[in-house]
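S.K.: Every position in the first sequence, counted from 1, becomes a number in our numbering once 247 is added.
Here a beta-carbon is modelled for each residue, glycine too, at the ideal position from N, C-alpha and C.
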Amino acid sequence: MEEGHQLRQVRIEKLEQLRQLGVEPYPYAFESDSRTSELIGKFEDFQEPDKGPRHRIAGRIRSFRGKGKVAFAHIDDGYGLLQLYVRKEEVGEDPYKMVKLLDLGDFIGVEGHMFRTRTGEITLHVKSIVLLAKSLRPLPVVKEKVVDGEKVVFDEVHDKELRYRQRYVDLVVNPEVKQVFRTRAAVIDRIRRFLNDREYLEVETPVLQPIYGGAAARPFTTHHNALDRKLYLRISNELYLKRLIVGGLNRVYEFSKDFRNEGIDRTHNPEFTMLEFYQAYADYHEMMDLVEDMLVDAAAAAAPGGNLVFGWRGHDIDLAKPWPRRSMLELIGERAGEEISLPLDKPRLAALCKKHGIEVEPGMSAGKLLDELFGELVEPHLINPTFVTDYPLETSPLAKRHRSKPGLTERFELIIGGAEIANAFSELNDPLDQRGRFEAQMQLRDEGDEEAQVLDDDYLRAMEYGLPPTGGVGIGIDRLVMLLTGMETIKDVILFPQLRGPLKKDV
RNA sequence: GCGCCGUUAGCUCAAUUGGCAGAGCAAGUGACUCUUAAUCACUAGGUUCGGGGUUCGAUUCCCUGACGGCGCACCA
Numbered sequence: 248m249e250e251g252h253q254l255r256q257v258r259i260e261k262l263e264q265l266r267q268l269g270v271e272p273y274p275y276a277f278e279s280d281s282r283t284s285e286l287i288g289k290f291e292d293f294q295e296p297d298k299g300p301r302h303r304i305a306g307r308i309r310s311f312r313g314k315g316k317v318a319f320a321h322i323d324d325g326y327g328l329l330q331l332y333v334r335k336e337e338v339g340e341d342p343y344k345m346v347k348l349l350d351l352g353d354f355i356g357v358e359g360h361m362f363r364t365r366t367g368e369i370t371l372h373v374k375s376i377v378l379l380a381k382s383l384r385p386l387p388v389v390k391e392k393v394v395d396g397e398k399v400v401f402d403e404v405h406d407k408e409l410r411y412r413q414r415y416v417d418l419v420v421n422p423e424v425k426q427v428f429r430t431r432a433a434v435i436d437r438i439r440r441f442l443n444d445r446e447y448l449e450v451e452t453p454v455l456q457p458i459y460g461g462a463a464a465r466p467f468t469t470h471h472n473a474l475d476r477k478l479y480l481r482i483s484n485e486l487y488l489k490r491l492i493v494g495g496l497n498r499v500y501e502f503s504k505d506f507r508n509e510g511i512d513r514t515h516n517p518e519f520t521m522l523e524f525y526q527a528y529a530d531y532h533e534m535m536d537l538v539e540d541m542l543v544d545a546a547a548a549a550a551p552g553g554n555l556v557f558g559w560r561g562h563d564i565d566l567a568k569p570w571p572r573r574s575m576l577e578l579i580g581e582r583a584g585e586e587i588s589l590p591l592d593k594p595r596l597a598a599l600c601k602k603h604g605i606e607v608e609p610g611m612s613a614g615k616l617l618d619e620l621f622g623e624l625v626e627p628h629l630i631n632p633t634f635v636t637d638y639p640l641e642t643s644p645l646a647k648r649h650r651s652k653p654g655l656t657e658r659f660e661l662i663i664g665g666a667e668i669a670n671a672f673s674e675l676n677d678p679l680d681q682r683g684r685f686e687a688q689m690q691l692r693d694e695g696d697e698e699a700q701v702l703d704d705d706y707l708r709a710m711e712y713g714l715p716p717t718g719g720v721g722i723g724i725d726r727l728v729m730l731l732t733g734m735e736t737i738k739d740v741i742l743f744p745q746l747r748g749p750l751k752k753d754v
């Protein structure tokens, strides 16, 4: 809608008419004392509703039905809709002229008492009304009615592009979107308390990093002018948090916005939120216990009442403890129908891959082949929470060698609904082993693997001062919220997901 | 990056074999003092995503680009 569009022009003209009536279209504040949802909820408590107390409430006009000298409207205060009943006789001549100049989308403040209309709807009987902000652009008009107790919505806004690009519109017209983001905040709050209660310290580490690390991914790069230096947006905060363990902050965590220069799909957004937490003197077994407790606790923020069954990706997922802990080799062996034994036999794994239609490239290590088999044969079938343990050494350069299984590490991933929700290790704390692992990664990098990790000398120096045995976990918060809210795409749990290109037209 | 599908009024959507681009809601004017997808009458509203082509004539067919969705690839 360009500057001169008629719908917008009409509203601009109304601004002038309002000012001529002495109405300021953009006043400074309004003191409200109620919420729509509470007023409706408490209505039944009133002895004599029609003579009940006065309430003040502010919000956006979402529907309007003028009937001559009386008007009905619904106000939306962000928590729900409440019907208003306005009579010219009661609010006065001039205010009613103002009412006639109102549009859907305008913010108003009202004062009045509660009653029930002849048709049964709980309603605010307005005694006074003020304009709080005039809206110039028409919001999409969505109507609903209740049929047999079921809400039927008309002209619902489905257009994904409009919803993501103009999230402010989406939030107004699709009220369930607000609930997703309230749940997201509640889940994060709950996890933060869970960790604080266990004497974890919340910390902040650099987003701009001279060397990126802690994960296998391609980074975004940027440049610092004053330092004339290339910097990377973090792909992970793992190495910084472990430096803090070296320093004696024995339990640390950070909700970290990470950035990875990768494709975008239902489970990947270039910037996403990761929770990482590290605990000195713990191993991965202890971290599994902690993750299990943490996520069951977090689920309560999304589904009060102790319900632990969540519908997601076409499955009913039961989060009830305990969650099975299965080794990766065992799971692959079951699905492949043949036992995978140690030490890993690369030609045999390659044959197995080919048998299951997985492309084998010459440079692939035995561990990489195992990862491929797991992703193809096992992961999609793990619906209820499962801790998959003991990943190959080659693909886990920051994880400690397994205490009894050569060629594997003490690492687990938590898989729910076929998606990776958490990744964790007994952290590698042998600095010489770590140096060797970094060197192996650099070798892969030289061979063209752009996602191989980069050797971080300062991190090695820190570890040489001494890193205690440590358990560490990373949890993909966006995916966790998807699970707990039943959303099928990561775009639905990120307020402003990354989209290509600019707004295609000014609508 | 590849394939398939889509983009028409502010919103939700139609448009026959290629033949004057329509409806509902929203908007404007008028009527209406308990309406509720309020109702009634009238009015206005379009670069059919952009560019090119075929044709007497393109929303429709062809090419190309943009954006979105889905799938694949990539991806802890």
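Would you be able to state if there are at least three C-beta pairs under 8 Å between the segment 348-358 and the segment 372-381?
M.R.: yes
S.K.: Could you round the C-beta distance between residue 500 and residue 522 to whole angstroms and report it? I think they count as a contact, below 8 Å.
M.R.: That belief holds up - the Cβ atoms of residue 500 and residue 522 are roughly 7 Å apart, short of 8 Å.
S.K.: Considering only their Cβ atoms, is the gap separating residue 534 from residue 701 smaller than 8 Å?
M.R.: For residue 701 and residue 534, no; Cβs fall outside 8 Å.
S.K.: For residue 310, does the three-state DSSP call read helix, strand or coil?
M.R.: DSSP places residue 310 in strand when its eight states are reduced to three.
S.K.: Can you tell which of 419, 483, 602 and 451 has the C-alpha that lies nearest to the C-alpha of residue 507?
M.R.: 483
S.K.: For residue 621, I'd like the list of residues in its chain whose CB is within less than 8 Å of its CB, leaving aside the five on either flank, ordered along the chain.
M.R.: So the list reads 575, 578, 579 and 635, once near-sequence residues are dropped.
S.K.: Between the segment 704-720 and the segment 672-683, can you find at least three pairs of beta-carbon atoms closer than 8 Å?
M.R.: They touch, by the three-pair rule.
S.K.: Taking only runs that begin and end inside the segment 550-598, name each unbroken beta strand (DSSP E) of 3 or more residues, in chain order.
M.R.: Qualifying beta strand (DSSP E) stretches, in chain order: 556-559, 562-565 and 572-574.
S.K.: Between residue 737 and residue 516, is the Cβ-Cβ spacing less than 8 Å?
M.R.: yes
S.K.: What's the gap between the Cα of residue 248 and the Cα of residue 529?
M.R.: Caution applies to residue 248, whose pLDDT of 45 falls short of 50 and renders its modelled position unreliable; the model cannot decide the point.
S.K.: Between residue 437 and residue 255, is the Cβ-Cβ spacing less than 8 Å?
M.R.: no
S.K.: At which residues does the beta strand (DSSP E) containing residue 670 begin and terminate?
M.R.: 666-673
S.K.: According to DSSP, is residue 271 part of a helix, a strand, or is it coil?
M.R.: coil
S.K.: Around the C-beta of residue 684, are 16 or more other C-beta atoms found within 10 angstroms, so that it is buried, or is it exposed?
M.R.: Under this definition residue 684 is a buried residue.
S.K.: Residue 330 bridges to which residues according to DSSP?
M.R.: 321 and 370
S.K.: Residue 689 lies in the alpha helix (DSSP H); which residues open and close that run?
M.R.: Run containing residue 689: 678-693, per the alpha helix (DSSP H) assignment.
S.K.: Going by CA-CA distance only, name the one from 408, 409, 387 and 393 that's closest to residue 402.
M.R.: Relative to the Cα of residue 402, the nearest Cα in the group 408, 409, 387 and 393 belongs to 387.
S.K.: Which word fits residue 341, buried or exposed, when buried means at least 16 other C-beta atoms lie within 10 angstroms of its C-beta?
M.R.: exposed
S.K.: So what's residue 441 in DSSP terms, helix, strand or just coil?
M.R.: helix
S.K.: Note down the Cα distance separating residue 668 from residue 727, rounded to an integer number of angstroms.
M.R.: Between residue 668 and residue 727, the alpha-carbon positions lie close to 6 Å from each other.
S.K.: Skipping 5 residues on each side, what residues in its chain have a beta carbon closer than 7 Å to that of residue 324?
M.R.: 282, 283, 304, 305 and 306
S.K.: Leaving out five residues on either side along the sequence, give the residues of the same chain with a beta carbon under 7 Å from the beta carbon of residue 391.
M.R.: 398, 399, 400 and 401
S.K.: With a threshold of 8 Å on Cβ separation, who are the neighbours of residue 730 within its own chain once the five nearest residues in sequence on each side are excluded?
M.R.: 557, 559, 564, 663, 664, 666 and 668
S.K.: Under 8 Å, do residue 348 and residue 264 count as touching if we go by C-beta distance?
M.R.: Taking 8 Å as the cut-off, the beta carbon of residue 348 is found closer than this to the beta carbon of residue 264.
S.K.: Per the DSSP calculation, residue 479 is bridged to which residue(s)?
M.R.: 456 and 468
S.K.: Check the C-beta distance from residue 642 over to residue 649 and give it rounded, since I have them as a contact under 8 Å.
M.R.: Incorrect: roughly 13 Å between the Cβ atoms, too far for contact.
S.K.: Looking only at C-alpha atoms, which of 334, 679 and 697 sits nearest to residue 706?
M.R.: 679
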